[in-house]
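Numbers given in our numbering equal positions in the sequence shown, counted from 1, plus 26.
This report concerns only the one structure given below.
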Amino acid sequence: MFTAMEQFRATGGSDWPAATGDPVTAAVAGTAAATLTPGVRALALPCLSGAIPLAVVPQRLAAANASIARFLIQAGAIREGDVPDRPGDAMEVCQAALDAWIKRELGPLHCLSPVFNLRPVEHSDLDTVAREPARTEAVSHYRTVMLDWCENREQQWIVGEALEALEHERPGLGPAVLNVLRQQSRFVYPLFTPDVALDVASYLYWCGEEDEDEMLAMECDDDEDEKAVMRAEMVTRQSFDDTFPRWALEDPCQWLPVAAIEWMADGLPDQGVRDIVADVLALARLRIREAFSPEVEGEYLGWGAVLSWREDDISGRIYDDLTRMAYESDYCDRIGELVLALDEPQAMRRWRRAMRPRFEGIRLIDRLIHRLAA
Numbered sequence: 027m028f029t030a031m032e033q034f035r036a037t038g039g040s041d042w043p044a045a046t047g048d049p050v051t052a053a054v055a056g057t058a059a060a061t062l063t064p065g066v067r068a069l070a071l072p073c074l075s076g077a078i079p080l081a082v083v084p085q086r087l088a089a090a091n092a093s094i095a096r097f098l099i100q101a102g103a104i105r106e107g108d109v110p111d112r113p114g115d116a117m118e119v120c121q122a123a124l125d126a127w128i129k130r131e132l133g134p135l136h137c138l139s140p141v142f143n144l145r146p147v148e149h150s151d152l153d154t155v156a157r158e159p160a161r162t163e164a165v166s167h168y169r170t171v172m173l174d175w176c177e178n179r180e181q182q183w184i185v186g187e188a189l190e191a192l193e194h195e196r197p198g199l200g201p202a203v204l205n206v207l208r209q210q211s212r213f214v215y216p217l218f219t220p221d222v223a224l225d226v227a228s229y230l231y232w233c234g235e236e237d238e239d240e241m242l243a244m245e246c247d248d249d250e251d252e253k254a255v256m257r258a259e260m261v262t263r264q265s266f267d268d269t270f271p272r273w274a275l276e277d278p279c280q281w282l283p284v285a286a287i288e289w290m291a292d293g294l295p296d297q298g299v300r301d302i303v304a305d306v307l308a309l310a311r312l313r314i315r316e317a318f319s320p321e322v323e324g325e326y327l328g329w330g331a332v333l334s335w336r337e338d339d340i341s342g343r344i345y346d347d348l349t350r351m352a353y354e355s356d357y358c359d360r361i362g363e364l365v366l367a368l369d370e371p372q373a374m375r376r377w378r379r380a381m382r383p384r385f386e387g388i389r390l391i392d393r394l395i396h397r398l399a400a
């Protein structure tokens, strides 16, 4: 490059300006100048004005994104402090503002990592909106946005020892705690609990039966040796009975009254146990109806956490087999979703109000998992 510069000067090129700008630019230019033939000045590195954006957004796309920003402002979802000092694309600002509001509502969490996504769509057809994001290259305006949420990283939490200790402390308390977690998490933050693992094992390994006998009969006929080999390699009903107490596998179809939990909690001497029961009672008192459930096509993977009894129990294997099977076809990993029309900001306000008890539920579920796992 420097040889070309000398040739340019020899053919009548004008002087190059001295290196200016920030210290890094000056240092680089100074080093380059030291290597030149005396009398030849260094080429200054270009410096862009701070007013020039690093990315160029087409005017029509900028207008479309601005319509979403206007919608969130009208819905009261953006505060002045949520907008960065140097805002970039309007959609990035909207997502950052939504994240800031979520963090304010949830506060710090120990075990769960919910993530909320906001993205535009071109239509409000609920059958296709979840699968077809907007084609931003030719968009001049949007009519609707999709808001959905899911767990950012599913983790396994070991809760069996704590639940059995609660049962030892006060008979009935262990299944009561697990039952409240199972019931209240369904519409708030679904948990992969032992009873769910048993249901999954039934259709994943046992052809929908209560144990593996029917499947083995179809695969091995009457060959008992072959059945024994298959049993040794697969998840069996006996492996559940060896891992979990019976009350952990029972279908939580009956809602335990809050008064019954209060009665069991009366007079507990240990402060840690009392803290767990206080959170369980607060969670049980939340009245949350089913809403915002995603349109599930294929296998459902919207689990917030895997609750295992021991570090190496079968629930982890079953969950891994389930996800592996689901990833080979259609699956849904969203906890909730909502389509919002941009001309109805009041719908966003209603969603925010409806989410507040759910946020309380997420906080309580997170704290209970943290206490039990600790």
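Don't be surprised by glycine CBs; every beta carbon is placed ideally from N, CA and C.
Please read all numbers here as calculations on a predicted model, not as lab measurements.
Take the Cβ of residue i as the centre, count every other Cβ of all protein chains shown within 10 Å, and call the residue buried at 16 or more, exposed below.
{"i": "Met244", "result": "exposed"}
{"i": "Glu323", "result": "exposed"}
{"i": "Gln210", "result": "buried"}
{"i": "Val255", "result": "exposed"}
{"i": "Arg350", "result": "exposed"}
{"i": "Arg397", "result": "buried"}
{"i": "Val214", "result": "buried"}
{"i": "Val284", "result": "exposed"}
{"i": "Asp305", "result": "buried"}
{"i": "Arg157", "result": "For Arg157, the predicted model reports a pLDDT of 44, less than 50, meaning its position is unreliable and no value from the coordinates is stated."}
{"i": "Cys358", "result": "buried"}
{"i": "Trp289", "result": "exposed"}
{"i": "Ala258", "result": "exposed"}
{"i": "Cys176", "result": "buried"}
{"i": "Tyr229", "result": "exposed"}
{"i": "Pro220", "result": "buried"}
{"i": "Pro134", "result": "exposed"}
{"i": "Ala223", "result": "buried"}
{"i": "Gly328", "result": "buried"}
{"i": "Arg130", "result": "exposed"}
{"i": "Arg208", "result": "buried"}
Residue i: which of the options sits nearest, CA to CA?
{"i": "Ala291", "options": "Asp392, Trp329, Ala202", "result": "Ala202"}
{"i": "Leu144", "options": "His396, Arg397, Gly362, Ile391", "result": "Gly362"}
{"i": "Gln264", "options": "Val303, Asp339, Val306, Thr219", "result": "Asp339"}
{"i": "Gly198", "options": "Trp273, Tyr229, Trp175", "result": "Trp273"}
{"i": "Leu309", "options": "Val147, Leu204, Asp359, Thr219", "result": "Leu204"}
{"i": "Ile287", "options": "Leu173, Ala92, Glu193", "result": "Glu193"}
{"i": "Arg378", "options": "Ile94, Arg96, Gly102", "result": "Gly102"}
{"i": "Glu325", "options": "Ala352, Tyr168, Glu190, Gln297", "result": "Ala352"}
{"i": "Ala331", "options": "Pro216, Ser319, Leu242, Gln297", "result": "Pro216"}
{"i": "Val147", "options": "Leu173, Cys233, Leu294, Val261", "result": "Leu173"}
{"i": "Leu282", "options": "Val222, Leu307, Leu124, Ala92", "result": "Leu307"}
{"i": "Arg336", "options": "Arg105, Trp232, Ala188", "result": "Ala188"}
{"i": "Ala92", "options": "Asp108, Lys253, Ala116", "result": "Ala116"}
{"i": "Ala90", "options": "Tyr168, Arg212, Pro295, Ala126", "result": "Tyr168"}
{"i": "Phe318", "options": "Leu348, Arg360, Ile128, Pro295", "result": "Arg360"}
{"i": "Val314", "options": "Arg105, Pro72, Arg212", "result": "The sequence given here places Ile at residue 314; Val does not occur at that position. Selected option, being the one with the closest Cα: Arg212."}
{"i": "Glu321", "options": "Leu348, Asp356, Asp296", "result": "Asp356"}
{"i": "Ile395", "options": "Pro295, Phe218, Glu354, Gly293", "result": "Phe218"}
{"i": "Glu235", "options": "Lys253, Thr262, Leu132", "result": "Thr262"}
In angstroms, rounded to a whole number, what distance separates the CA positions of residue i and residue j?
{"i": "Asp301", "j": "Arg393", "result": "10 Å"}
{"i": "Arg311", "j": "Cys246", "result": "50 Å"}
{"i": "Asp225", "j": "Ala373", "result": "37 Å"}
{"i": "Glu238", "j": "Gly200", "result": "29 Å"}
{"i": "Pro140", "j": "Val206", "result": "21 Å"}
{"i": "Ser334", "j": "Phe266", "result": "12 Å"}
{"i": "Ala399", "j": "Glu276", "result": "21 Å"}
{"i": "Ile388", "j": "Ala122", "result": "21 Å"}
{"i": "Glu386", "j": "Asp249", "result": "55 Å"}
{"i": "Arg403", "j": "Arg343", "result": "Given that the chain is displayed from residue 27 to residue 400, the structure contains no residue 403 and the question cannot be resolved."}
{"i": "Pro2", "j": "Gln100", "result": "In the structure as shown, the chain starts at 27 and stops at 400, and residue 2 therefore has no counterpart that could be examined."}
{"i": "Asn178", "j": "Leu390", "result": "18 Å"}
{"i": "Ser341", "j": "Arg382", "result": "31 Å"}
{"i": "Ile94", "j": "Cys120", "result": "7 Å"}
{"i": "Glu118", "j": "Thr170", "result": "17 Å"}
{"i": "His136", "j": "Asp268", "result": "30 Å"}
{"i": "Ala380", "j": "Phe270", "result": "36 Å"}
{"i": "Ala403", "j": "Ala191", "result": "The question about residue 403 has no answer here: the residues shown for the chain are numbered 27 through 400."}
{"i": "Arg384", "j": "Arg196", "result": "29 Å"}
{"i": "Glu240", "j": "Tyr231", "result": "10 Å"}
{"i": "Leu138", "j": "Gly298", "result": "21 Å"}
{"i": "Asp2", "j": "Phe142", "result": "The chain is shown from 27 up to 400; residue 2 falls before or after that span and cannot be answered."}
{"i": "Gly293", "j": "Val303", "result": "12 Å"}
Just reading off the beta strand (DSSP E) that residue i is part of, what are its end residues?
{"i": "Thr262", "result": "Unbroken run through Thr262: none, as it is neither H nor E."}
{"i": "Val171", "result": "170–177"}
{"i": "Gly362", "result": "362–367"}
{"i": "Val306", "result": "First-last for Val306: 297–311, but that is the alpha helix (DSSP H), not the beta strand (DSSP E)."}
{"i": "Pro146", "result": "140–147"}
{"i": "Ala331", "result": "331–334"}
Is there a Cβ of chain B sitting closer than 8 Å to that of residue i, yes or no?
{"i": "Asp292", "result": "In the displayed structure, chain B is absent; only one protein chain is listed."}
What is the residue span of the alpha helix (DSSP H) that residue i lies within?
{"i": "Ile388", "result": "371–399"}
- Query: Just checking, does the stretch 365–380 make contact with the stretch 179–192 on the three C-beta pairs under 8 Å criterion?
  - Reply: Output reads no: the stretch 179–192 does not touch the stretch 365–380.
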